[in-house]
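S.K.: Right, I'll just put the structure down here and ask away after.
Protein chains in written order, with full-length UniProt numbering: chain W, 1 to 402; chain L, 1 to 216; chain P, 1 to 583.
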């Protein structure tokens, strides 16, 4: 297309990114950060599909207001919308005052933004409340094996659990056992349709379960014998799909949609990435009170939720204040309360003062939530390339009407 | 004060096809009746005189009121009254407000109201000022429409099948009223009709248009 | 006559004609050009913004090599044939069924008591946002839905049956949902066209000649009515093919219809998928064009066959079957949406509500209390945007119609196509491009930018709504008023606008409803910072919380019903003593 390309320089000139503006912001000088943050409005783009999360974010907004920062929750139906937004801004040459000041992010979205230089940082480890973060016991410095390098700040821990209805079934110890149970009870199990985050998580969890050598998963999928490593997974899914809900010809679109199926008694078993979700849903009248959770004998996947700041945010200081607020022991305890959110804390109990520890200890676990001991230690996430390739393959095999 | 309505060599065609051709002077207080079958361009002639000819038509010639050439004046400046087959009273206005719409501007509010009251009594509708026009009878509406037009002090009068919508007895009555007023006010009248009786009652000259009227 | 010629005709009123009398450039005369720019500018700019990435040009993602790779990627996607088939079959089937239901209902029942009841049921449904209607419907027909719950004492179900109703592979539920939502639209369009088709007299003649109601209607009234509603039918076709929100709720997902897949690719973390999305968006545009061409060809065939059918002189043996069928289908489509909305309302007050209970165990105000602050603040923004968009669209549309009236230049058929263009081009094909453009102008995320984006979609509907009553106004009223000395402006303000108060207010209500229902334009142009009831509802929808969806769906519906009630009430009060202005 040589003719077309001659017309492009003008457009390119219009849309080329300007060199990043230095706004004299030093994350390690917290007093000046606080000072700059005064009066700023932070637009936090975060998934808005959960009433419980929305209420928690509103509470964080109240805390931020006390520090002179206005927090606006932009409720997304898909985190990638915010990524698109920043991308479009870069394309249009808007290198300051982005519409997005902070994103609830992790995994592939983070990897993509980091790689495309769309993030501000490093800032996370300079936050005052970073001192409480459990950097030894929890995976908070790498996100799906990608080092965070301070470009995103953790605020909640998640671990895979399976929700089941005690009226209908027993806990299952392994992926193989789940398959056997599903074959005996056809139509009573499903998972959100990949590439939905939770659906992809189910694929990864099952892959880890089935593969003999889980070490290869921490490296890139392109360097491993992808076909051989994933063969057991496809064999498993070929057996599972016909006995899934709707025989695998339809899937719930998202985790909450799957929860609704559980609520409607369409299914008896569902995957969740939040150990407290079942308890919170029971408290909210969404699930019947016979629902409980279990983890697999070999353990389950865990990861952290993060917040990141786009390179072109106009309220970076304000966003850092919000990120710091999220890490405060008070906010973390609130997030862990199953009556409110039921998310695991990223803080280390050893680093807290006795009073602060007391707050955490006083929390009721919630009727369907497992104790930390029962949850066991979380398995690490595979490299993002596995998730991309497995979901891509899944779509080709089960999601394209073949 | 009273002027003739002069149609000077008026030719109207539609996309090049000749339609109407007329050259006539209507003296004050007289009626020119234009007759012909439907579709021959009678109403087109009236809209030309009134200034509302659609751009689909081309016209040449002149329309004058006495010495004043009004051919290029906008309709609102021509002071040519028009009556249609339907009364066309504005349905959102009361009877009195309809008349006030016609009454030329000026005068105090009390004076205007008094003029409207006397106009109403003139057409035997005393006390009807606040009525909804939709509640009037056909004859009453026709009289209000006539009075509204007269209050605008026109200098000529166009009648577009003005009596066709009325039943026989009412028709005579209204027709007599209109011609009587026009004569008293020395107005030249251009009437379009397909009814021979209208033409006879008018008593003036009669111009007959025919389909594809090509005569000079 | 080329399109340029039509453009000139549309723009001709720029120069006030002889009859305007002044010869000056008039303000009214400028409006058609402004309107055209407001509607077509964003579409064209947006399409360009889609075309570039589809050829591989997306500098922000570091992609600037021109190639056909995005199209090759697209054609390598294994779901493409099915996604394309779904798009086409849903579109054609939904359009055919909607038109069929509307025609049968009108033919069998126009001017009867049951029809007036049906009309009253259907008209408000026009304004119900698509997403809300789709959710209601989904809850109604799902195996664990309301109907199944109500039937459970008879069927003995304690668990929902594992049958595929929602998201079926053939998109039949999606099609049914589109039909239920498009029938009110086509019915109102057809009713407006009936005025000019002289239906009553034609039917009297046909019935006097021994034709049954339906056959007589099809042979005498349908042809002119169809000619009038042809463009609205095309809009239904284009919209059904490219709808996103309804398809996400009711449509299949393995794979999804093409439009949904476009949005998915658009939001893929892998930035190079944007290119595939752009290519797919263009393919979507091509599909719509193909379907329109097919439909057009179908029209010619039907017309040919229809002439033969009319010539055969058959009087309609099937009428006794078709007549009740028409009423049943019409009533079903109205009741389905109404019952779905009722279901949403029940959910919004529901405590614990398990299958197979027909009603919740308890009712409470928790959901409402929880969401009320959000509803009030987003409701305020929603109303502000809708009021501005409605006001602007009224000014522009009335200006265009008045300019058309004064110049005597009527809009040609081709000019009409221009007005419909924003509704015929799939939103997914030009909105992302438009967003990039606004960004580079620094004009995004301001309320006024959102208002302008809404205007693109509000204007065509405002034109549709007001055009016919405006043109049907007896122009002799204007002649009389001018003869009485009123200037063109005086005629407009003192005679025409008051007389047309009812259709103007109805148009305002339609415009308001269209604005409230906009999802993609608000989201993309507003940069997420402008939240309306609809963006909130769709965001919540992704969470599947039926109580929250219920609260927002009900609020959304109330927000659009309010103006419609006002549009009925205000003329009734203002003109309470003016009998001939009562509808």
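Note that CB positions come from ideal geometry on N, CA and C, so glycine has one too. This structure is a prediction, so every number in the text was calculated from the model and none was measured.
Within the 8 Å Cβ cut-off, does residue 568 of chain P reach chain L?
M.R.: As a working note, residue 568 of chain P is residue 568 in the third chain. With 8 Å as the cut-off, residue 568 of chain P does not count as an interface residue toward chain L.
S.K.: Taking the alpha helix (DSSP H) that residue 54 of chain W falls in, what are its first and last residues?
M.R.: Within the first chain, the letter at position 54 stands for residue 54 of chain W. First-last of the alpha helix (DSSP H) with residue 54 of chain W: 51–66.
S.K.: For residue 6 of chain L, name the three-state secondary structure that DSSP assigns.
M.R.: The residue given as residue 6 of chain L occupies position 6 in the second chain. Residue state, collapsed to three classes: strand.
S.K.: Helix, strand or coil: which one does DSSP assign to residue 172 of chain W?
M.R.: As a working note, residue 172 of chain W is residue 172 in the first chain. If DSSP states are grouped into helix, strand and coil, residue 172 of chain W belongs with coil.
S.K.: With DSSP as the reference, identify every bridge partner of residue 102 of chain W, one or two as the case may be.
M.R.: Here residue 102 of chain W corresponds to residue number 102 of the first chain, with the count starting at 1. DSSP, once it has assigned bridges, lists W:44 as partnering residue 102 of chain W.
S.K.: Using only CA atoms, which one of W:325, W:356, W:363 and W:316 lies nearest to residue 37 of chain W?
M.R.: Locating residue 37 of chain W in the first chain gives position 37, where the first residue counts as 1. Restricting attention to W:325, W:356, W:363 and W:316, the CA atom closest to the CA of residue 37 of chain W is found in W:316.
S.K.: Assign residue 190 of chain L to one of three DSSP states: helix, strand, or coil.
M.R.: Working through the second chain from its first residue, we reach residue 190 of chain L at position 190. The answer is strand: DSSP assigns residue 190 of chain L an E or B state.
S.K.: Are there three or more Cβ pairs, one per stretch, closer than 8 Å when the region 174–191 of chain P is compared with the region 87–102 of chain P?
M.R.: Touching, yes, given that three or more Cβ pairs across the two stretches are closer than 8 Å.
S.K.: Assuming contact is defined by CB atoms lying nearer than 8 Å, are residue 280 of chain P and residue 261 of chain P in contact in what I supplied?
M.R.: As a first step, residue 280 of chain P must be located in the third chain, where it is residue number 280. As a first step, residue 261 of chain P must be located in the third chain, where it is residue number 261. Going by C-beta atoms, residue 280 of chain P is nearer than 8 Å to residue 261 of chain P.
S.K.: Would you please state the rounded distance, in angstroms, between the beta carbons of residue 138 of chain W and residue 346 of chain W? I believe it to be under 8 Å.
M.R.: Numbered from 1 along the first chain, position 138 holds the residue referred to as residue 138 of chain W. Numbered from 1 along the first chain, position 346 holds the residue referred to as residue 346 of chain W. With a Cβ gap of about 6 Å, residue 138 of chain W and residue 346 of chain W count as contacting.
S.K.: Would you call the CB atoms of residue 142 of chain P and residue 166 of chain P closer than 8 Å?
M.R.: In the third chain, the residue the question calls residue 142 of chain P occupies position 142. In the third chain, the residue the question calls residue 166 of chain P occupies position 166. Cβ atoms of residue 142 of chain P and residue 166 of chain P: closer than 8 Å.
S.K.: Please list the terminal residues of the continuous alpha helix (DSSP H) segment that includes residue 361 of chain W.
M.R.: Mapped onto the first chain, residue 361 of chain W falls at position 361. Residue 361 of chain W -> alpha helix (DSSP H) spans 354–362.
S.K.: Which chain W residues sit within Cβ distance under 9 Å of residue 538 of chain P?
M.R.: As a working note, residue 538 of chain P is residue 538 in the third chain. Within chain W, the residues near residue 538 of chain P are 77.
S.K.: Along the chain, which unbroken stretches of the alpha helix (DSSP H) at least 4 residues long are found entirely within the region 264–345 of chain W?
M.R.: The qualifying runs are 277–283, 316–326 and 329–336.
S.K.: Which of the three DSSP states is assigned to residue 208 of chain L in this structure?
M.R.: The count along the second chain starts at 1 and reaches residue 208 of chain L at position 208. Three-state DSSP puts residue 208 of chain L in a strand.
S.K.: What is the C-beta distance between residue 253 of chain P and residue 250 of chain W, in whole angstroms, given that I count them as a contact (C-beta under 8 Å)?
M.R.: Looking up residue 253 of chain P in the third chain gives position 253. Looking up residue 250 of chain W in the first chain gives position 250. Contact between residue 253 of chain P and residue 250 of chain W holds, with the beta-carbon distance rounding to 6 Å and staying under 8 Å.
S.K.: Only counting the same chain, and skipping five residues up and downstream in sequence, which positions put a Cβ closer than 8 Å to that of residue 426 of chain P?
M.R.: On the third chain, position 426 is the one that residue 426 of chain P refers to. Hits under 8 Å: 238, 241, 242, 259, 281, 284, 285 and 288.
S.K.: Going along chain P, which residues have a C-beta under 9 Å from residue 148 of chain L?
M.R.: One-based indexing of the second chain puts residue 148 of chain L at position 148. In chain order: 480 and 484.
S.K.: Given that a residue counts as buried once 16 or more other Cβ atoms are within 10 Å of its Cβ, and exposed if not, what is residue 474 of chain P?
M.R.: Along the third chain, read from residue 1 onward, the residue named residue 474 of chain P stands at position 474. Residue 474 of chain P is exposed by the Cβ-count criterion.
S.K.: Return the CA-CA distance between residue 96 of chain L and residue 89 of chain L, expressed in angstroms with no decimal places.
M.R.: What you label residue 96 of chain L is simply residue 96 of the second chain in a count that begins at 1. What you label residue 89 of chain L is simply residue 89 of the second chain in a count that begins at 1. Residue 96 of chain L and residue 89 of chain L: Cα-Cα distance of roughly 11 Å.
S.K.: Can you tell me which of the three DSSP states residue 236 of chain W falls into?
M.R.: Stepping through the first chain from its first residue, residue 236 of chain W is reached at position 236. The answer is helix: DSSP assigns residue 236 of chain W an H, G or I state.
S.K.: Can you tell me which of W:110, W:104, W:370 and W:334 puts its alpha carbon nearest to the alpha carbon of residue 294 of chain W?
M.R.: Taking the first residue of the first chain as position 1, residue 294 of chain W is located at position 294. The candidate whose alpha carbon is nearest that of residue 294 of chain W is W:370.
S.K.: Tell whether a beta-carbon distance below 8 Å holds between residue 155 of chain W and residue 327 of chain W.
M.R.: Here residue 155 of chain W is taken as the residue at index 155 of the first chain, counted from 1. Here residue 327 of chain W is taken as the residue at index 327 of the first chain, counted from 1. In this structure, residue 327 of chain W lies closer than 8 Å to residue 155 of chain W by Cβ.
S.K.: Whole angstroms is fine: what's the gap from residue 17 of chain P's alpha carbon to residue 406 of chain P's?
M.R.: Walking along the third chain from the start, residue 17 of chain P turns up at place 17. Walking along the third chain from the start, residue 406 of chain P turns up at place 406. Any reading at residue 17 of chain P needs caution, since the residue's pLDDT is 38, under 50, leaving its predicted position unreliable; the model's value is listed next. Cα to Cα, residue 17 of chain P sits roughly 8 Å from residue 406 of chain P.
S.K.: Just confirm the distance between the C-beta atoms of residue 230 of chain W and residue 390 of chain W, as a whole number of angstroms; I'd bet it's less than 8 Å.
M.R.: Numbered from 1 along the first chain, position 230 holds the residue referred to as residue 230 of chain W. Numbered from 1 along the first chain, position 390 holds the residue referred to as residue 390 of chain W. That belief holds up - the Cβ atoms of residue 230 of chain W and residue 390 of chain W are roughly 6 Å apart, short of 8 Å.
S.K.: Taking the beta strand (DSSP E) that residue 62 of chain L belongs to, which residues open and close that run?
M.R.: As a working mapping, residue 62 of chain L is identified with position 62 in the second chain. Secondary structure note for residue 62 of chain L: its beta strand (DSSP E) is the uninterrupted segment 57–65.
S.K.: Could you work out which residues of chain P lie near residue 220 of chain L, taking near to mean beta carbons separated by less than 9 Å?
M.R.: Absent from the structure is residue 220 of chain L, since the part of chain L shown begins at 1 and ends at 216.
S.K.: Would residue 435 of chain P and residue 132 of chain P qualify as a contact pair, given that the criterion is a beta-carbon distance under 8 Å?
M.R.: As a position in the third chain, residue 435 of chain P is number 435, starting the count at 1. As a position in the third chain, residue 132 of chain P is number 132, starting the count at 1. In this structure, residue 435 of chain P sits away from residue 132 of chain P, with a CB-CB distance that is not shorter than 8 Å.
S.K.: Let me check understanding here. Comparing Cα to Cα, which of P:387, P:381 and P:344 lies closest to residue 368 of chain P?
M.R.: Within the third chain, the letter at position 368 stands for residue 368 of chain P. Selected option, being the one with the closest Cα: P:344.
S.K.: State the Cα-Cα distance for the pair residue 348 of chain W and residue 558 of chain P, rounded to the nearest angstrom.
M.R.: Residue mapping note: residue 348 of chain W aligns to position 348 of the first chain, counting from 1. Residue mapping note: residue 558 of chain P aligns to position 558 of the third chain, counting from 1. One C-alpha to the other measures close to 49 Å.
S.K.: Can you say whether residue 72 of chain P is buried or exposed, counting buried as having 16 or more other CB atoms within 10 angstroms of its CB?
M.R.: Position 72 of the third chain, counted from the start, is the residue given in the question as residue 72 of chain P. So residue 72 of chain P ends up on the exposed side.
S.K.: Determine, for residue 2 of chain L, whether the minimum Cβ-Cβ distance to residues of chain P falls below 8 Å.
M.R.: Within the second chain, numbered from 1, the residue matching residue 2 of chain L stands at position 2. Not one chain P Cβ lies under 8 Å of residue 2 of chain L.
S.K.: Quick check on the DSSP output: the beta strand (DSSP E) that includes residue 75 of chain W runs from which residue to which?
M.R.: Sequence index remark: in the first chain, residue 75 of chain W carries index 75 (1-based). Residues 70–76.
S.K.: Listing by chain order, which chain W residues have their CB less than 7 Å from the CB of residue 151 of chain P?
M.R.: By 1-based counting over the third chain, the position of residue 151 of chain P is 151. Simply none; closest approach about 15 Å.
S.K.: Looking at the structure shown, is residue 147 of chain W part of a helix, part of a strand, or coil, going by DSSP?
M.R.: Position 147 of the first chain, counted from the first residue, corresponds to residue 147 of chain W. Strand at residue 147 of chain W.
S.K.: Say the cut is 7 Å; is the CB of residue 55 of chain L nearer than that to a heavy atom of the ligand PLP?
M.R.: With respect to small molecules bound, the structure shown includes none, and the ligand PLP cannot be examined in it.
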